[in-house]
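Below you'll find the structure, written out as structure tokens, and then a few comments.
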């Protein structure tokens, strides 16, 4: 069993990720949470927990990675929080997790980014600072030497997952249930073919496994 | 005469920089300004001007670099603006200027950073997002392949410059007049020994030239 540290475990995607990892054959989850009162929720699923804050120093973050085989970063302040948190969590929190992973030799790293972080595709003026922070986190990961996968999901909704998606380097902009993003994350960790790759993903007609198999 | 593009020319440091470049033997200034009504101020000094916005695309920024030999980035939203501008100007504006410089083969690049951008030295919680953006801009420049110098000034004040400073990799935290920062910037461009180096600088007892000569 490979142990996967989930940063942002208590988030809306993160809770699905932890549950799916616990249900999987190959993985077990270690939920990274900021508040120890969140722990029982994950312990009831049989998941491990680690109480640590993404605003802590790199050494503190590395301190919960000793028994870890892969890291999923699905934390995010979201586009509607103060931009101070966008900087400190979406950009710097992600980068510190990458540096902590390198420090501990945890090579596999999956990052949940925004749908399109390429320059010129950052959207409205209000959205742009958020997209910029995601862009810099993505760039750091590409240059980190880690075995990375960057997942660019479409607009998130809370509909029930269908297990079917559309995934490729470029797909038309569309929505995707958070539960399906979580399925994509877990399957990504099962796909060595996705190491040092990135892709966009929305709702679609192809099973997650098949969709990820087809990414070049 | 080498032509120096000054990003942030209309700022409090930038105005000194343009004037000192115009007074120097080796340089002439091209003031990068956002608003064409700012142009006469610089034209009266005999400086060139380029009306362009740091939120423009890289190609637009590169478009004003054809006749340029070096870039000084002294633009900054300051620590007290909205963090959206910190991201889009202090981080992304600086990075776009670096990318534009690379695109045009303008290799010499001087960046005015914050006093101490090293991890663990980012100061109070309120200051940290600003310091983080400066950290990422610094890091981008270090890895850019440009002939960079990163200048880390102490707390800025508007006292008259003395022409005397304290400059080294590490100096005690202190204030420095903006006019003296401007002198340091201009002298930095005269110092090939400072290529791919960075230093902190505050007010002090050593002439700017001598202080920069002594940096290892």
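Protein chains in written order, with our numbering: chain A, 1141 to 1356; chain B, 1141 to 1356. Beta carbons: idealized from backbone N, C-alpha and C, even for Gly.
{"Asked": "Using DSSP's beta-bridge definition, name the partner residues of residue 1250 of chain B.", "Found": "B:1212, B:1289"}
{"Asked": "Counting only beta-carbon separations shorter than 7 Å, does residue 1355 of chain B have a partner in chain A?", "Found": "no"}
{"Asked": "Give a yes or no on whether the C-beta atoms belonging to residue 1250 of chain A and residue 1346 of chain A are separated by under 7 Å.", "Found": "no"}
{"Asked": "Is the Cβ of residue 1288 of chain B closer than 7 Å to any Cβ of chain A?", "Found": "no"}
{"Asked": "Buried or exposed: where does residue 1176 of chain A fall if 16 or more other Cβ atoms within 10 Å of its Cβ makes it buried?", "Found": "exposed"}
{"Asked": "From residue 1355 of chain A to residue 1342 of chain A, what does the alpha carbon distance come to, in whole angstroms?", "Found": "14 Å"}
{"Asked": "Span of the alpha helix (DSSP H) holding residue 1158 of chain A?", "Found": "1152-1163"}
{"Asked": "How many angstroms separate the CA atom of residue 1316 of chain A from the CA atom of residue 1306 of chain A?", "Found": "9 Å"}
{"Asked": "If you count every other CB in all the chains shown that lies within 10 Å of the CB of residue 1150 of chain A, and 16 or more means buried, which is it?", "Found": "buried"}
{"Asked": "Are the Cβ atoms of residue 1240 of chain B and residue 1202 of chain B separated by less than 7 Å?", "Found": "yes"}
{"Asked": "For residue 1245 of chain B and residue 1310 of chain A, what's the separation of their Cα atoms in angstroms?", "Found": "32 Å"}
{"Asked": "Counting only beta-carbon separations shorter than 7 Å, does residue 1223 of chain A have a partner in chain B?", "Found": "yes"}
{"Asked": "Would you decide whether residue 1232 of chain A is buried or exposed? Buried here means 16 or more other CB atoms lie within 10 Å of its CB.", "Found": "buried"}
{"Asked": "Please name the residue in A:1194, A:1344, A:1340, A:1330 whose C-alpha comes closest to that of residue 1143 of chain A.", "Found": "A:1330"}
{"Asked": "For chain B, find out if any of its Cβ atoms is closer than 7 Å to the Cβ of residue 1271 of chain A; answer yes or no.", "Found": "no"}
{"Asked": "Could you tell me the alpha carbon to alpha carbon distance between residue 1141 of chain A and residue 1277 of chain B, rounded to whole angstroms?", "Found": "40 Å"}
{"Asked": "Please name the residues in the stretch 1224-1235 of chain A whose beta-carbon is closer than 9 Å to at least one beta-carbon of chain B, in chain order.", "Found": "1224, 1225, 1226, 1227, 1228, 1231, 1232, 1235"}
{"Asked": "At which residues does the alpha helix (DSSP H) containing residue 1274 of chain B begin and terminate?", "Found": "1268-1282"}
{"Asked": "What residue does the alpha helix (DSSP H) around residue 1182 of chain B start on, and which one ends it?", "Found": "1179-1183"}
{"Asked": "Quick one: give me the first and last residue of the beta strand (DSSP E) that residue 1191 of chain B is part of.", "Found": "1188-1191"}
{"Asked": "When the cut-off is 7 Å and only beta carbons count, does residue 1181 of chain A lie next to chain B?", "Found": "no"}
{"Asked": "Is residue 1172 of chain A helix, strand or coil by DSSP?", "Found": "strand"}
{"Asked": "In the stretch 1255-1268 of chain B, which residues sit with their C-beta less than 9 Å from some C-beta in chain A, listed in chain order?", "Found": "1259, 1260, 1265, 1266, 1268"}
{"Asked": "Can you pull the chain B residues whose beta carbon is under 8 Å from the beta carbon of residue 1197 of chain A, in chain order?", "Found": "1259, 1260"}
{"Asked": "Over what stretch of residues does the alpha helix (DSSP H) that includes residue 1334 of chain A continue unbroken?", "Found": "Note, residue 1334 of chain A: premise wrong, no alpha helix (DSSP H); not H, not E."}
{"Asked": "Relative to the C-alpha of residue 1214 of chain B, which candidate in B:1334, B:1337, B:1350, B:1324 has its C-alpha closest?", "Found": "B:1324"}
{"Asked": "Rounded to whole angstroms, what's the CA-CA distance from residue 1160 of chain B to residue 1181 of chain B? Just pull it up for me.", "Found": "14 Å"}
{"Asked": "Just checking my contact of residue 1289 of chain B with residue 1338 of chain B at CB under 8 Å: how many whole Å lie between their CB atoms?", "Found": "7 Å"}
{"Asked": "In this structure, how does DSSP classify residue 1241 of chain B when only helix, strand and coil are distinguished?", "Found": "helix"}
{"Asked": "Going along the chain, which residues of its own chain have a beta-carbon closer than 8 Å to the beta-carbon of residue 1170 of chain A, five neighbours each way excluded?", "Found": "1143, 1144, 1145, 1146, 1187, 1188, 1189, 1190, 1204, 1207, 1208"}
{"Asked": "Sort B:1264, B:1284, B:1234 by Cα distance to residue 1274 of chain B and report the nearest one.", "Found": "B:1234"}
{"Asked": "Residue 1319 of chain B and residue 1344 of chain B: beta carbons closer than 7 Å?", "Found": "no"}
{"Asked": "Beta carbon of residue 1333 of chain A, beta carbon of residue 1292 of chain A: below 7 Å?", "Found": "no"}
{"Asked": "Within the continuous beta strand (DSSP E) that includes residue 1355 of chain A, where are the two ends?", "Found": "Where residue 1355 of chain A is concerned, there is no enclosing beta strand (DSSP E), given that its DSSP letter is neither H nor E."}
{"Asked": "Kindly list the residues whose CB is nearer than 6 Å to the CB of residue 1243 of chain A, restricted to its own chain and excluding five residues on each side of it in sequence; keep chain order.", "Found": "1202"}
{"Asked": "By the three-class DSSP mapping on this structure, what secondary structure does residue 1315 of chain A have?", "Found": "strand"}
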